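Asker: Got a structure here, written out as structure tokens. Questions coming.
Protein chains: 2
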Amino acid sequence: MKREIRILGIDDMPFSFGEEKVDIVGVVMRGGIYLEGVLKTTIEVDGKDATEKIIEMVERSKHKEQLKLIMIDGVALGGFNVIDGEKIYLETSLPVITITRKKPDMQKIKEALRKHFDDWEKRLKIIEKGGIKEIKLNYPVYIKHFGIDEKDAVDAIKISIIRGAIPEPIRVAHLIATGIKKGESTGRC
Amino acid sequence: MKREIRILGIDDMPFSFGEEKVDIVGVVMRGGIYLEGVLKTTIEVDGKDATEKIIEMVERSKHKEQLKLIMIDGVALGGFNVIDGEKIYLETSLPVITITRKKPDMQKIKEALRKHFDDWEKRLKIIEKGGIKEIKLNYPVYIKHFGIDEKDAVDAIKISIIRGAIPEPIRVAHLIATGIKKGESTGRC
Chain A
1 MKREIRILGI DDMPFSFGEE KVDIVGVVMR GGIYLEGVLK TTIEVDGKDA
51 TEKIIEMVER SKHKEQLKLI MIDGVALGGF NVIDGEKIYL ETSLPVITIT
101 RKKPDMQKIK EALRKHFDDW EKRLKIIEKG GIKEIKLNYP VYIKHFGIDE
151 KDAVDAIKIS IIRGAIPEPI RVAHLIATGI KKGESTGRC
Chain B
1001 MKREIRILGI DDMPFSFGEE KVDIVGVVMR GGIYLEGVLK TTIEVDGKDA
1051 TEKIIEMVER SKHKEQLKLI MIDGVALGGF NVIDGEKIYL ETSLPVITIT
1101 RKKPDMQKIK EALRKHFDDW EKRLKIIEKG GIKEIKLNYP VYIKHFGIDE
1151 KDAVDAIKIS IIRGAIPEPI RVAHLIATGI KKGESTGRC
């Protein structure tokens, strides 16, 4: 895999109880290191539009033709607005990796979905797509991958980590998302 | 000068006619390359609070103790909300460099200030502080510097440019500011 690969990293802004919408931030990085662009779109908290909004954000971007890969922080954004990585891949032709530092607790997720959403089975089915794999680098991370095999997914993650466990495009998206919303960036992805 | 120097780069978001407030974005970069934090504050379009708001943003930041230098895109933010680099330096003890790609046209600035503001002389005096110096690197840039001599200012700029004419902390602040406001980052600083 080329070190100069263009990756789009995506994370959501933090949101408070009562907020209906939340912005999500995309960053285009070359080689996972050099920032080339920043994108933003808005989704509904606990809504169903995250997948579609990400596809739109990618399709309208002037960086689209250069992009080779999408990395997303987690299996859902804006609460339980679940990400259909397979659909994003099929519609944009860009491979998708979702990545988390903690292993998603599928039992807990299932219970929460069941409690809060009439369409919980549909959401759960999307979250379960592809299964979750543990990747052991310097730190373990948990990924799903669509349109890219595991070996290439691991290579892409390795290329784009400078330090710590999280690829730069996601780390930077997280810093921007928290910094813009709260006035100062915080925490870990 | 240490290559690992922490620099805060500042730029404002674009704004439209009729908007009264505008957000400004600060990015903390190590060695002008590795993003460590994102800050945001809000100022009045054509107001008088930019200097004070920048001082506040710096003072409340958890990165304050690590910061060694502030770089600001231009001599005013949010229209004609002029930046008093000397005051920022005196209050924060951090050297300040303002930097532009185009030479500020002092005659035009003076006319615009005169036309729009009763306190135009006060604003002009702030803009004129320190004078403007042309620095010839690969591309020329125009700077003011407070609390740092010209040689060190040039060194800091050189250290923090990866490509083009603009130091990374300002380039990245600009990408974030335009991307978050417009949905996709645009243009040059």
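Each protein sequence line maps, in turn, to chains A and B.
The letter at position 145 of the first sequence is residue 145 when you use our numbering, and the numbering goes up by one with no holes.
The letter at position 72 of the second sequence is residue 1072 when you use our numbering, and the numbering goes up by one with no holes.
Here a beta-carbon is modelled for each residue, glycine too, at the ideal position from N, C-alpha and C.
Since we're looking at a predicted model, the values are computed, not measured.
If you drop the 5 nearest sequence neighbours on each side, which residues of the same chain put their C-beta closer than 6 angstroms to that of residue 86(A)?
Answerer: Counting from one through the first sequence, the residue named residue 86(A) turns up at place 86. Answer for residue 86(A): 129, 146, listed in chain order.
Asker: Am I right that residue 22(A) and residue 169(A) are in contact with their C-beta atoms under 8 angstroms? What's the rounded C-beta distance?
Answerer: Against the first sequence, residue 22(A) aligns to sequence position 22. Against the first sequence, residue 169(A) aligns to sequence position 169. Not quite, the Cβ-Cβ distance comes to about 19 angstroms (not below 8 angstroms), so this is no contact.
Asker: DSSP on residue 1045(B), reduced to helix/strand/coil?
Answerer: Here residue 1045(B) refers to the residue found at position 45 of the second sequence. DSSP places residue 1045(B) in coil when its eight states are reduced to three.
Asker: Can we say the region 1150-1170 of chain B touches the region 164-182 of chain A, given the rule of at least three CB pairs closer than 8 angstroms?
Answerer: Contact fails: fewer than three Cβ-Cβ distances are below 8 angstroms.
Asker: Which whole-angstrom value is the C-beta distance of residue 142(A) and residue 167(A), which I expect to be below 8 angstroms?
Answerer: Along the first sequence, one-based indexing puts residue 142(A) at 142. Along the first sequence, one-based indexing puts residue 167(A) at 167. That pair is no contact at about 13 angstroms.
Asker: Using the C-alpha atoms, what's the distance from residue 1115(B) back to residue 265(A)?
Answerer: Outside the modelled stretch of chain A, which goes from 1 to 189, sits residue 265(A), for which no answer is possible.
Asker: Assuming residue 1073(B) is part of the beta strand (DSSP E), what are its boundary residues?
Answerer: For this step, residue 1073(B) is matched to residue 73 along the second sequence. It spans 1067-1073 - the beta strand (DSSP E) in which residue 1073(B) sits, taken as one unbroken run.
Asker: Could you tell me the alpha carbon to alpha carbon distance between residue 66(A) and residue 8(A), rounded to whole angstroms?
Answerer: Along the first sequence, read from residue 1 onward, the residue named residue 66(A) stands at position 66. Along the first sequence, read from residue 1 onward, the residue named residue 8(A) stands at position 8. Cα to Cα, residue 66(A) sits roughly 10 angstroms from residue 8(A).
Asker: Could you tell me whether the region 71-91 of chain A touches the region 43-59 of chain A, using the rule of 3 or more Cβ pairs below 8 angstroms?
Answerer: Judged by Cβ distances under 8 angstroms, the region 71-91 of chain A makes contact with the region 43-59 of chain A, as three or more pairs qualify.
Asker: Going along the chain, which residues of the region 59-71 of chain A sit with their C-beta nearer than 9 angstroms to a C-beta in chain B?
Answerer: Listed in sequence order: 60, 61, 62, 63.
Asker: Give, in chain order, every residue of the region 25-38 of chain A whose Cβ lies closer than 9 angstroms to some Cβ of chain B.
Answerer: Listed by position along the chain: 25, 26, 27, 28, 33, 34, 35, 36, 37, 38.
Asker: With a cut-off of 7 angstroms, does the C-beta of residue 1175(B) fall near any C-beta of chain A?
Answerer: Position 175 of the second sequence, counted from the start, is the residue given in the question as residue 1175(B). So yes, residue 1175(B) belongs to the interface.
Asker: Check for me: the alpha helix (DSSP H) holding residue 29(A) runs from which residue to which?
Answerer: Here residue 29(A) refers to the residue found at position 29 when the first sequence is read from its first residue. Unbroken run through residue 29(A) is the beta strand (DSSP E), 21-30; no alpha helix (DSSP H).
Asker: Of the choices 1047(B), 1138(B), 1039(B), whose alpha-carbon is the least far from that of residue 1059(B)?
Answerer: Here residue 1059(B) corresponds to residue number 59 of the second sequence, with the count starting at 1. Cα-wise, what sits closest to residue 1059(B) is 1039(B).
Asker: Does any residue of chain A bring its CB to less than 7 angstroms from the CB of residue 1160(B)?
Answerer: Here residue 1160(B) is taken as the residue at index 160 of the second sequence, counted from 1. For residue 1160(B), the answer is no, since every Cβ of chain A falls outside 7 angstroms of its Cβ.
Asker: At 4 residues or longer, and completely inside the region 1101-1187 of chain B: list those alpha helix (DSSP H) runs for me, N to C.
Answerer: Complete alpha helix (DSSP H) runs here, min 4: 1106-1116, 1120-1128, 1150-1160, 1168-1182.
Asker: How would you list, in chain order, the residues of chain B whose beta-carbon sits under 8 angstroms from the beta-carbon of residue 22(A)?
Answerer: Looking up residue 22(A) in the first sequence gives position 22. Going along chain B, no residue has its Cβ under 8 angstroms from residue 22(A), so there is no contact; the nearest lies around 13 angstroms.
Asker: So residue 1090(B) is in the alpha helix (DSSP H); what residue range does that whole segment cover?
Answerer: Working through the second sequence from its first residue, we reach residue 1090(B) at position 90. 1085-1092 is the span of the alpha helix (DSSP H), which, as asked, contains residue 1090(B).
Asker: Quick one, which of 182(A), 37(A), 100(A) has its alpha-carbon nearest residue 140(A)'s?
Answerer: Your numbering for residue 140(A) matches position 140 in the first sequence. Ranking the options by Cα distance to residue 140(A), first place goes to 100(A).
Asker: When you compare only the Cα positions, how much space is there between residue 1037(B) and residue 179(A)?
Answerer: Translated into the one-based positions of the second sequence, residue 1037(B) becomes position 37. Translated into the one-based positions of the first sequence, residue 179(A) becomes position 179. In a straight line, the C-alpha of residue 1037(B) is about 7 angstroms away from that of residue 179(A).
Asker: Starting from the C-beta of residue 1161(B), find all residues in its chain whose C-beta is less than 6 angstroms away, skip the five residues before and the five after it, and write them out in chain order.
Answerer: Numbered from its first residue, the second sequence carries residue 1161(B) at position 161. Excluding positions up to five away in sequence, the list reads 1167.
Asker: I want to verify the contact list: residues of chain B whose CB lies under 9 angstroms from the CB of residue 92(A), in sequence order.
Answerer: As a working mapping, residue 92(A) is identified with position 92 in the first sequence. The contacting residues do not exist; residue 92(A) stays about 16 angstroms from chain B at best.
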